[in-house]
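A.B. asks: Sequences listed follow chains P and Z, in order. FYI, the numbering for the first sequence is 99 to 480, going by my numbering. FYI, the numbering for the second sequence is 99 to 480, going by my numbering. This is the structure I want to talk about, given as structure tokens.
Protein chains: 2
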Amino acid sequence: MQNDVYKESLELHQNNHGKIETVSKLKLDSAEMLSLAYTPGVAEVSREIARDPLLAREYTLKHNTIAVVSDGSAILGLGNLGALAAIPVMEGKAAIFKEFAGVDAFPICLDTQDTEEIIKAVKQIAPVFGGINLEDISAPRCFEIEERLRKELSIPVMHDDQWGAATVALAGLINSIKLTNQTKEAVKVVISGVGVAGVATARLLLAYGINNILYCDSQGIIHSGRDSLTKEKQELLDGSTAKSFEGALADAVKGADVFIGLSKPGLLTKDMVRSMSAKPIIFALSNPTPEIMPDEAYEAGAFIVGTGRSDFPNQLNNSIVFPGAFKGMLDANIPQFKIEMFSAIAQAVADSVTDLSPKKILPTMFDRSVVTVVSETIQRYK
Amino acid sequence: MQNDVYKESLELHQNNHGKIETVSKLKLDSAEMLSLAYTPGVAEVSREIARDPLLAREYTLKHNTIAVVSDGSAILGLGNLGALAAIPVMEGKAAIFKEFAGVDAFPICLDTQDTEEIIKAVKQIAPVFGGINLEDISAPRCFEIEERLRKELSIPVMHDDQWGAATVALAGLINSIKLTNQTKEAVKVVISGVGVAGVATARLLLAYGINNILYCDSQGIIHSGRDSLTKEKQELLDGSTAKSFEGALADAVKGADVFIGLSKPGLLTKDMVRSMSAKPIIFALSNPTPEIMPDEAYEAGAFIVGTGRSDFPNQLNNSIVFPGAFKGMLDANIPQFKIEMFSAIAQAVADSVTDLSPKKILPTMFDRSVVTVVSETIQRYK
């Protein structure tokens with residue numbers, strides 16, 4: 099079945115030569131219209147923008163256009179395939195932005211993987227854009243690139259692999275603990291995988307007030323006795339109220355309420371699920387193969403299971419976050435993303451589910467109201 | 099009247115927030131379509147491109163998309179207004195590409211005016227594009243930037259202020275000397291203004307076989323006794339068969355058959371036109387105010403007058419060249435522009451005029467066949 103999807107996808111891409119086209123909003127079918135859209139009329143628009151640079155947002159595509167930027171270093175789960183191989187993914191993302199939120203988006207795939215060069219290139223191409231969606235850039239460079247660009251640019255910058263993933267995980271968690279009658283202060287969380295999405299998810303949970311978190315990476319539980327922790331891991335450890343101890347993932351999940359996997363296929367066993375608290379909440383988000391398959395998790399007593407896949411209930415899909423997030427930023431002309439915006443989006447998305455149940459913790463991206471919920475939430479930060 | 103155009107143009111830009119939008123070629127209205135356009139299906143497209151980079155042209159927007167790149171250093175006739183002020187012009191150009199030739203085009207306005215940084219930035223963003231149209235970049239940097247990018251990139255690069263302008267001037271000249279029964283070998287040409295368009299026009303005339311050319315810049319006739327000539331001016335002087343002598347523009351045009359002005363308003367006087375040969379051909383291309391107004395030129399005996407303006411006969415407008423030129427390069431997947439392509443385009447465009455007369459030396463951009471003539475001509479160089 100996977101092979102069919104691959105074959106059909108290749109055909110679709112070949113037949114259409116990609117997915118994004120640029121279209122003129124004006125029909126240039128008369129000399130008069132050309133004189134307004136181009137010379138001589140356009141000279142006045144240029145002069146006005148030179149006089150007041152803020153007018154670029156009023157008079158040009160900058161008003162509603164973002165760049166979807168990648169260096170191809172971490173394409174989907176495929177690894178470092180480079181700039182050309184990133185194009186179909188970034189084009190797909192650009193198509194989703196337009197189709198779901200009316201945001202114009204153009205793919206930029208950079209032929210460099212050097213942190214400073216990426217930062218410089220994005221700053222140099224920024225004038226025509228109203229926002230920058232970073233995508234599929236590997237850790238740890240992605241953290242510095244996002245942080246620096248947010249400081250050095252006057253348009254919103256968001257690395258979706260971090261904040262899209264984190265926001266949808268938090269939204270799902272908010273509704274899950276609602277269903278288990280737990281509080282954010284008391285719930286015990288284990289995060290497996292402390293890469294791009296793991297770090298951002300942890301930061302967002304901490305910012306939201308979920309502090310009892312144990313982290314596991316490929317070497318087991320992250321604790322204060324570990325040598326040479328990365329800056330990000332040390333920061334997360336410092337922010338957690340969980341008792342820090344040595345051990346493996348199996349030790350970490352004993353008695354835990356929530357498992358959030360942003361790691362590798364098959365890491366979570368049925369025995370581990372059985373060792374968790376009474377109503378285990380399992381987000382097995384490794385894609386396409388989760389840390390544990392939903393049927394196995396349920397057999398072992400899981401109360402709620404979410405994955406990244408569309409063929410099981412409870413898909414935790416960042417597509418419910420990023421289109422509305424940029425739409426809100428552009429519509430309200432908000433200069434920069436802040437972490438509290440993502441907490442607020444997660445809360446609003448969670449609250450928007452009216453038929454909440456263990457098999458329906460989140461809206462899907464086809465719920466037409468979700469873009470509005472997200473964009474209206476972010477506009478409160480104007 | 100100019101003020102009305104300016105006012106209307108501002109309103110048009112404000113109401114539409116620019117002129118270009120990005121549109122998805124696919125309706126993403128089902129989970130199935132999303133699984134083909136995005137994950138999981140798109141993974142196979144990325145893998146295939148990683149395996150064979152040439153497939154990027156088949157499977158992505160690279161097939162039919164070019165960048166319209168400026169640094170804002172020489173916007174129209176307005177000078178160095180910077181990247182933001184360049185956006186409306188590049189957007190207009192992108193709209194023309196799509197409307198007239200079906201070529202997808204996206205404006206890139208770079209926030210740097212350093213030659214090496216521009217070259218590096220364009221190379222870094224090149225993966226998603228099938229061609230680069232450079233625009234409104236000042237001399238002499240534009241010459242090196244184009245030359246280097248042609249060598250260092252594997253997609254076609256053309257600075258339209260050079261080659262669009264030069265090609266349309268040569269096309270007009272070919273038909274003009276047809277009407278005066280002159281030969282390219284014998285016709286005496288004066289080029290006034292040796293900037294971006296002047297240098298390229300001279301190079302193209304020389305490549306076509308029109309060698310009897312005198313050049314004038316702000317210091318008068320360019321001759322071998324002049325100190326510190328730029329590289330470009332020295333090269334042109336070396337290629338000309340005209341007798342090199344000292345003097346002003348008035349001295350240069352005495353007895354000349356053709357005046358090509360790419361310089362400044364009002365430089366050519368009626369007396370100068372009277373001093374030319376029997377049937378003066380005057381291309382007064384300074385924009386919006388020509389070197390001599392058409393009515394004055396005719397009063398002084400001009401046989402053919404062309405300007406850059408749409409409100410007089412014989413508009414020499416590069417819009418008849420650039421859309422079809424890139425369409426041809428993309429359709430035939432030709433790796434790089436060469437000067438002989440522009441000669442061939444000029445000849446083909448000139449030959450396409452069936453109702454040739456002194457008031458109709460060229461097609462207009464609204465002649466629907468001109469894009470086809472240009473693109474089919476360039477495809478011969480596959």
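Think of the CB as a built atom: it goes at the ideal place given N, C-alpha and C, for glycine as much as any other residue. Treat the numbers as computed from the prediction; the structure is a model and nothing was measured.
Spell out the partners DSSP gives residue 381 of chain Z in its beta bridges.
C.D. replies: Z/358, Z/404
A.B. asks: What residue from Z/403, Z/385, Z/386, Z/384 has the CA that sits closest to residue 393 of chain Z's CA?
C.D. replies: Z/403
A.B. asks: My guess is that residue 389 of chain Z and residue 363 of chain Z are in contact by the Cβ rule of under 8 Å, so how many angstroms apart are they, rounded?
C.D. replies: 7 Å
A.B. asks: Smallest Cα separation from residue 419 of chain P: which of P/250, P/448, P/410?
C.D. replies: P/448
A.B. asks: Nearest chain Z C-beta to residue 210 of chain P closer than 8 Å, yes or no?
C.D. replies: yes
A.B. asks: Who are residue 167 of chain P's beta bridge partners in DSSP?
C.D. replies: P/206, P/232
A.B. asks: Contact defined as beta carbons within less than 8 Å: I believe residue 134 of chain P pairs with residue 326 of chain Z. What is the distance between those atoms, to the nearest angstrom?
C.D. replies: Incorrect: roughly 44 Å between the Cβ atoms, too far for contact.
A.B. asks: Give a yes or no on whether 8 Å exceeds the smallest Cβ distance from residue 145 of chain Z to chain P.
C.D. replies: Yes - at least one Cβ of chain P is within 8 Å of the one on residue 145 of chain Z.
A.B. asks: Compare the beta carbon distance of residue 446 of chain Z and residue 471 of chain Z with 8 Å and say whether it is the shorter of the two.
C.D. replies: yes
A.B. asks: Counting contacts by CB-CB distance shorter than 8 Å, is residue 214 of chain Z in contact with chain P?
C.D. replies: no
A.B. asks: Looking only at its own chain, which residues have a Cβ that is under 6 Å from the Cβ of residue 239 of chain P, when we skip the five neighbours before and after it?
C.D. replies: 213
A.B. asks: Buried or exposed: residue 421 of chain P, going by 16 or more other Cβ atoms within 10 Å of its Cβ?
C.D. replies: buried
A.B. asks: Counting only beta-carbon atoms, is residue 236 of chain P nearer than 8 Å to chain Z?
C.D. replies: Not an interface residue.
A.B. asks: Report the neighbours of residue 286 of chain P on chain Z: residues whose CB is nearer than 8 Å to its CB, in chain order.
C.D. replies: Contact annotation for residue 286 of chain P against chain Z: no contact, minimum CB-CB distance about 31 Å [criterion: below 8 Å].
A.B. asks: May I have the straight-line CA-CA distance separating residue 157 of chain Z from residue 150 of chain Z, to the nearest angstrom?
C.D. replies: 11 Å
A.B. asks: Please list the residues of the region 420–453 of chain Z that have a C-beta atom closer than 9 Å to any C-beta atom in chain P, keeping them in chain order.
C.D. replies: none
A.B. asks: Taking the straight line between their C-alpha atoms, what separation do you get for residue 442 of chain P and residue 476 of chain P?
C.D. replies: Their Cα atoms are separated by approximately 8 Å.
A.B. asks: Using three-state DSSP, classify residue 455 of chain P as helix, strand or coil.
C.D. replies: It is a strand residue.
A.B. asks: Flag residue 230 of chain P as yes if its beta-carbon sits less than 8 Å from any beta-carbon of chain Z, otherwise no.
C.D. replies: Chain Z contact via Cβ: absent.
A.B. asks: According to DSSP, is residue 365 of chain Z part of a helix, a strand, or is it coil?
C.D. replies: coil
A.B. asks: Run through chain Z and tell me which residues come within less than 7 Å of residue 182 of chain P, C-beta to C-beta.
C.D. replies: 147, 151, 154, 225
A.B. asks: Got a sec: is the Cβ-Cβ distance from residue 458 of chain P to anything in chain Z below 8 Å?
C.D. replies: no
A.B. asks: So with CB distances below 8 Å, who are the chain P contacts of residue 260 of chain Z?
C.D. replies: Result: empty, since nearest Cβ-Cβ is about 17 Å, beyond 8 Å.
A.B. asks: Quick check on residue 488 of chain P - is its C-beta less than 8 Å from some C-beta in chain Z?
C.D. replies: Residue 488 of chain P lies beyond the residue range present for chain P, which begins at 99 and ends at 480; the question has no answer from this structure.
A.B. asks: Using a cut-off of 7 Å between C-beta atoms, extract the partners of residue 134 of chain Z located in chain P.
C.D. replies: Per Cβ cutoff of 7 Å: 103, 106, 107, 110.
A.B. asks: What residues from chain P crowd round residue 119 of chain Z, counting only those whose CB sits closer than 9 Å?
C.D. replies: 120, 121, 122, 123, 159, 162, 163, 196, 202
A.B. asks: Reducing DSSP to helix, strand and coil, say where residue 316 of chain Z ends up.
C.D. replies: coil
A.B. asks: Using 8 Å as the threshold, is the C-beta distance between residue 425 of chain Z and residue 200 of chain Z below it?
C.D. replies: yes
A.B. asks: Measuring alpha carbon to alpha carbon, tell me which residue in Z/170, Z/140, Z/272 is nearest residue 110 of chain P.
C.D. replies: Z/140
A.B. asks: Output the residue ranges of the beta strand (DSSP E) runs that lie fully inside the region 99–153 of chain Z and measure 3 residues or longer, sorted by chain position.
C.D. replies: With a minimum length of 3 residues, the continuous beta strand (DSSP E) runs that stay inside the region 99–153 of chain Z are 118–122.
A.B. asks: Excluding the five sequence neighbours on either side, which residues of its own chain have a C-beta within less than 7 Å of the C-beta of residue 160 of chain Z, listed in chain order?
C.D. replies: 154, 226, 227, 228
A.B. asks: Within 8 Å of any Cβ in chain Z, is that where the Cβ of residue 114 of chain P sits?
C.D. replies: yes
A.B. asks: So residue 190 of chain Z contacts chain P; which residues on that side make the cut at Cβ distance below 7 Å?
C.D. replies: 135, 136, 140
A.B. asks: At the 8 Å Cβ level, is residue 176 of chain Z part of the contact set with chain P, yes or no?
C.D. replies: yes
A.B. asks: For a cutoff of 8 Å on Cβ pairs, would you count residue 185 of chain Z as touching chain P?
C.D. replies: yes
A.B. asks: What's the call for residue 218 of chain Z, buried or exposed, on a 16-neighbour Cβ count within 10 Å?
C.D. replies: buried
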